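Have a look at the structure below, then the notes.
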Amino acid sequence: MLYSKIFGKTKKDSKKYDSANATFLIKGGFIDQVMAGTYTYLTLGLRVLNKIENVVREEINTIGAEILMPSIVPQELWEKTGRLQTVDVLMKTTPANKFALAKNDSEYVLSPTHEEVVTPLAQKFNLSYKDFPFALYHIQTKFRNEPRVKSGLLRGREFRMKDLYSFHATKKDMKVYYENSKKVYLKIFERLGIGKDTVIALASGGSFTDDYSHEFQTICDTGEDTLFFVKSTGIYYNREVAPSLAPNIYSKEKPLPRKDIKGEGIIGVNELAKFLNIPVEKTTKTMIYEVDGNRVVAVAVRGGYNINEDKLRKVLKCKEIKLASKETLKRVTGAEIGYAGIIGLPKEVEIIMDESINNRANVEMGANKTGYHSTNINLGRDIPLPEKFYDIKMAKDGDFFPETKEKYQVMKAAEVGNIFPLYTKFTEAFDYKFIDQDGKEKPIYMGCYGIGPSRIMGIIVEKFNDEKGIIWPESVAPFQVHLIGLDLNDESIKSKVLKVYKVLTDKGIEVLFDDRLDATAGNKFSDADLIGIPVRLVVSKRTGEKIEYKRRNEKEAKLISLDEVLKIIKGN
RNA sequence: CGGGCUGUAGUAUAUCGGUUGUACAAGUGCUUUGGGAGCAUUUAGGCUGGGUUCGACUCCCAGCAGCCCGACCA
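Mapping the first sequence onto our numbering, position 436 (from 1) lands on 437, and the numbers just tick up by one.
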């Protein structure tokens, strides 16, 4: 392809963006921002995206059948699963003006995922035990109403996703397929060049199962997720599920007499620690929750930690938890928001103590009296020790893995894939069952498996770049070869470089030929570095009968013949 | 969803209650041509709506949009 003809040119200057992928992809003419979180893929960018999707397609074809489902779907489907009201990233279409409204006033869901479409689809075709197992997938544009988009292609409101759904006659079969899908996924990331840095992390299984889901996380500083790695077991946990043991601190002090201190308007542990002139770890955060509408629970955790509501939900074995209303808080603690503690609460309040509030001495705690905080509280003296301490906090850097007592290694990562055992959540919602060999109706088990090609494109740039630009892995580079012609006003040079271009393309090699007459050598070289195609070839009056060959990830160039070039590129 | 900031040319910025200045990009001409060339010249701008004012790009209000921090992310 001729560089002079492609749409989307490199820019000399561009805005400062929050991430390497936004900077280089925009500057290099791969993508163009339309609004926060949506981008046009220009010629180069679309080629990369297509390559990524084709790798995904080739591998997923070994375990599923490709189809294509629509983006706009009726709301009724989402009502059936109850998700119309609950999924907080869900968007819908609505007629834009009175004329459109007069023609058709329907509103449709803009799909963020496709369980609601694929399940009834499967139900139309596959109802016999003979049909199982089977799996369907598509690669398609998804819409999510993200509250905050950022980091170029890493988080947008419209993005590309491969979503695969598997259907099974037994739970066991679902699990076998699920395990196998991990291998297929790892192979995909290997082929995309990010295999070395991509790990499987345990993540939340959602509200309907105690199982973990599994995330494929690429270790990357721009990533939004935090992984907690246990070296001895080789297991990575997403922060949201990492079991946590807090460091043991301030436990050796002699107990001092309890004191209530007035601190009107001092709310929040950091402000409080400052006010009392104590480390934040000696404060205690107490939150009052209403559980399933009929229980009131006080949860205490060491200052500096946040409560992990997923963990809490599991400890309480409940469906729904929410922070108590002002009225409930006032009724059970006798105080306004900000002064709750776990001393002297009425019997109706269950108390859950995180293990982090233990192993400390002379700590602060809300006094359950508006404007007052108690200090020098000691567990076992001022409050009876509980039967059990729990782990209901969000793990943080410095914490230990409870089972082995080893310190976590903590790192940032970006999620490139996610697989999820769905069990019968969706098949039940659509009353999708099959008739087994014995003539009886039985439940169908499902799994879902996602990969985000557009995000992967961004992550690859995050991982492979230098100060000059992108360094694409060969499998996803927009072209295999970047051919630069210099001195093109000289007819003999021009015909030589055209011949090289023709020989290469005739061999089926993808070549981007920089044929511009008005760009200087420096311009062409720096554009080549920015665009990041793995192999750069130069033909000029200096190269004579040979061709200059240089790899993007190497410094040295060498002069070789066209035959040698063909050999090297074919050998790859 | 909470907090903060910003809307001036294609991009990045400056100044100003009274004719918006500059750089890059783009166009033209000449020179240049192995690491983002030079000179000359041309084109191009105050987000939308309302208010205050003799006069608003500037001040005020609302809307829309973008950016940043945090929360959220089956």
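Here a beta-carbon is modelled for each residue, glycine too, at the ideal position from N, C-alpha and C.
It should be emphasised that the depicted structure is a prediction, and the values quoted were computed from it without experimental measurement.
Residue nearest to residue i in terms of C-alpha spacing, selected from the options
i, options, result
"residue 132", "167, 407, 391, 241", "167"
"residue 485", "476, 492, 524, 463", "524"
"residue 120", "135, 109, 107, 106", "135"
"residue 293", "313, 323, 308, 414", "323"
"residue 53", "348, 305, 192", "192"
"residue 467", "263, 422, 556", "556"
"residue 428", "520, 102, 82", "82"
"residue 334", "91, 73, 298", "298"
"residue 11", "465, 318, 24", "24"
"residue 174", "448, 306, 249", "448"
"residue 348", "123, 477, 240, 296", "296"
"residue 8", "29, 21, 20, 22", "29"
"residue 370", "361, 402, 330", "330"
"residue 305", "410, 318, 227, 281", "281"
"residue 517", "530, 488, 161, 245", "488"
"residue 575", "114, 386, 328", "Given that the chain is displayed from residue 2 to residue 573, the structure contains no residue 575 and the question cannot be resolved."
"residue 389", "257, 554, 358", "358"
"residue 408", "102, 276, 229, 84", "229"
"residue 301", "384, 259, 326, 328", "384"
"residue 58", "454, 4, 198", "454"
Sequence-distant residues of its chain with Cβ nearer than 8 Å to residue i (five each side left out)
i, result
"residue 435", "127, 128, 129, 130, 132, 133, 170, 442, 443, 445"
"residue 39", "157, 158, 159"
"residue 138", "61, 65, 66, 67, 68, 163, 164, 165, 166, 450"
Proximal residues to residue i (C-beta, below 7 Å), its chain only, five neighbours per side dropped
i, result
"residue 368", "261, 340, 342, 374, 375"
"residue 316", "353, 391, 393"
Exposed unless 16 or more other CB atoms sit within 10 angstroms - verdict on residue i
i, result
"residue 1", "Since the first and last residues shown for the chain are 2 and 573, residue 1 lies out of range."
"residue 493", "exposed"
"residue 438", "exposed"
"residue 86", "exposed"
"residue 216", "buried"
"residue 458", "buried"
"residue 13", "exposed"
"residue 239", "buried"
"residue 464", "buried"
"residue 422", "buried"
"residue 303", "buried"
"residue 521", "exposed"
"residue 420", "buried"
Euclidean distance between Cα positions of residue i and residue j
i, j, result
"residue 71", "residue 291", "40 Å"
"residue 1", "residue 456", "Absent from the structure is residue 1, since the part of the chain shown begins at 2 and ends at 573."
"residue 391", "residue 224", "30 Å"
"residue 17", "residue 350", "52 Å"
"residue 213", "residue 205", "5 Å"
"residue 490", "residue 42", "33 Å"
"residue 253", "residue 200", "40 Å"
"residue 642", "residue 482", "Residue 642 lies beyond the residue range present for the chain, which begins at 2 and ends at 573; the question has no answer from this structure."
"residue 337", "residue 432", "48 Å"
"residue 45", "residue 34", "15 Å"
"residue 22", "residue 148", "21 Å"
"residue 243", "residue 411", "11 Å"
"residue 314", "residue 207", "11 Å"
"residue 141", "residue 308", "36 Å"
"residue 94", "residue 51", "27 Å"
"residue 415", "residue 152", "11 Å"
"residue 480", "residue 183", "30 Å"
"residue 529", "residue 496", "21 Å"
"residue 566", "residue 499", "15 Å"
"residue 504", "residue 519", "25 Å"
"residue 116", "residue 109", "16 Å"
"residue 515", "residue 55", "26 Å"
"residue 106", "residue 320", "36 Å"
"residue 502", "residue 478", "18 Å"
"residue 118", "residue 80", "12 Å"
Supposed contact pair residue j and residue i - C-beta distance, whole angstroms, cut 8 Å
i, j, result
"residue 425", "residue 364", "Incorrect: roughly 46 Å between the Cβ atoms, too far for contact."
"residue 561", "residue 548", "6 Å"
"residue 63", "residue 231", "About 32 Å; that fails the 8 Å criterion."
"residue 400", "residue 247", "6 Å"
"residue 470", "residue 532", "7 Å"
"residue 250", "residue 361", "7 Å"
"residue 20", "residue 187", "Contact doesn't hold; Cβ gap of about 25 Å is too wide."
"residue 221", "residue 460", "6 Å"
"residue 550", "residue 559", "6 Å"
Sequence-distant residues of its chain with Cβ nearer than 6 Å to residue i (five each side left out)
i, result
"residue 312", "393"
"residue 32", "26, 40, 42, 46"
"residue 276", "264, 267"
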